[in-house]
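Residue numbers for the sequence shown follow numbering that gives the first Met the number 0, beginning at 0 and rising by one. Note that CB positions come from ideal geometry on N, CA and C, so glycine has one too. Predicted, not measured: the structure shown is a model, and the values here were computed from it.
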Amino acid sequence: MVKVVGVRFKRAGKIYYFDPDQLDIKAGDKVIVETARGIEFGEAVIPIREVDDSEIVAPLKKVMRIANEDDIQHAAENREKEKEAFFICLQKINDHKLEMKLIDVEYTFDNNKILFYFTADGRVDFRELVKDLAAVFKTRIELRQIGVRDESKMMGGIGVCGRILCCNSFLGEFQPVSIKMAKEQGLSLNPAKISGACGRLMCCLKYEQEAYEHILKKAPKAGAIVETPDGQGVVEEIFLIKETVKVKLDKDNETDLKSYKLNEIKVIKDASVKEENDIEIEELKALED
């Protein structure tokens, strides 16, 4: 077991583990740490605790110190300088007529590097742009191309649910989301209804997937022949959340559908698997990331 503290550098950023050394670090404390890209200012979001060796990436770097008032002031000044750097870079991009969209700018805490995040449809030759930016800022410049999910995470926005985007408010890391999840949850496979602001599948499809998978293990498919308390019948509809099915009974004058709980029926013959529309599925898979 290793003693660690969890540090986050952005509001909904990934949490990284650091060695607290002999410091008494509590959740909410601002800390100064050394990272692969330089000295950084972050917030301890997980207090000191022990984790298994398999959960850390060696070598585990130590927290340099708990941030003082000067450090907090310096971090605030960097945020202001980032705004200025954003507009300068935007102007340089226009001057060079580059097909790229600037998303965000970050100063490292020690000001040894400035990172410019952008999106583009393909590769961009930004060598001359880097030279111009280095001449202006007199420090190391890094341009980093990001994907559409990261763009939404950085810029934020409002989802179709009316709330702030999950990725921008609390999701530390993106989880894999697939078309299979939308199908199993009985959602419309209309891209406009299952896509988020980024144009990819909505992250929230992942939230309830485990519950759906649990129910699907014991639920029959539509078309299955089942035994009910009222005799045999064919499953016409399935309501996974309610854990019920509607069955058309095998009786001469029986036209109504009856509802039964999953524990009230027994599958005699499962439904045959229907062929998928391969073209439709391939088009929808473009929404997966």
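Applying the criterion that 16 or more other CB atoms from any shown protein chain within 10 Å of the CB defines a buried residue, is Pro19 buried or exposed? Buried is the call here.
Does the segment 157-170 come close enough to the segment 111-128 to have 3 or more Cβ pairs within less than 8 angstroms? With the cut-off at 8 angstroms, the segment 157-170 and the segment 111-128 do not touch.
Quick one: Cα of Ala196 to Cα of Gly156, how far? 8 angstroms
Looking only at its chain, what residues have a beta carbon closer than 8 angstroms to the beta carbon of Val56, apart from the 5 residues adjacent to it on each side? Taken in chain order, the residues that qualify are Tyr16.
Gly171 burial status per 10 Å Cβ neighbour count (16 or more: buried): exposed
Alpha carbon to alpha carbon, how far is Glu287 from Glu274? Give it in angstroms, no decimals. Bear in mind that a pLDDT of 47 at Glu274, under 50, signals an unreliable position, so the model cannot answer this.
Apart from the five residues on each side of it in sequence, which residues of its chain come closer than 6 angstroms, Cβ to Cβ, to Lys91? Leu128, Asp131
Can you give the Cα-Cα distance for Val32 and Glu150, rounded to whole angstroms? 26 angstroms
Could you check if Ala35 is buried or exposed, using at least 16 other CB atoms within 10 Å of its CB as the buried criterion? Ala35 should be labelled exposed.
Would you check whether the ligand HEM has a heavy atom nearer than 7 angstroms to the C-beta of Phe40? The ligand content of the structure shown is nil, which means the ligand HEM is not present either.
Sorted by chain position, which residues of the same chain lie with C-beta nearer than 6 angstroms to Leu89's C-beta, five sequence neighbours on each side aside? When the five nearest sequence neighbours on each side are left out, the beta carbons in the same chain lying within less than 6 angstroms of the beta carbon of Leu89 are those of Leu101, in order along the chain.
Pro46 and Ile24 look like a contact to me (Cβ under 8 angstroms); what is the Cβ gap, rounded to whole Å? 7 angstroms
What are the complete beta strand (DSSP E) segments, minimum 3 residues, inside the segment 103-141? 112-118
Excluding the five sequence neighbours on either side, which residues of its own chain have a C-beta within less than 7 angstroms of the C-beta of Ile71, listed in chain order? Lys29
Identity of the residue in Lys96, Met99, Tyr116, His95 nearest Glu105 by Cα: Tyr116
My understanding is that Arg7 touches Gly41, with C-beta atoms under 8 angstroms, so please give their C-beta distance in whole angstroms. 6 angstroms
Along the alpha helix (DSSP H) that carries Glu154, what are the first and last residues, could you check? It is Met, not Glu, that sits at residue 154 in the sequence shown. Where Met154 is concerned, the enclosing alpha helix (DSSP H) stretches over 147-154.
Please state the DSSP three-state secondary structure of Leu257. According to the sequence provided, residue 257 is Lys. The question's Leu does not apply to it. Lys257 falls in the strand class under three-state DSSP.
For the beta strand (DSSP E) that Lys245 lies in, which residues bound it at each end? 243-248
On a Cα-Cα basis, can you pick out the residue from Glu98, Arg139, Ile140, Phe108 that is closest to Asp120? Glu98
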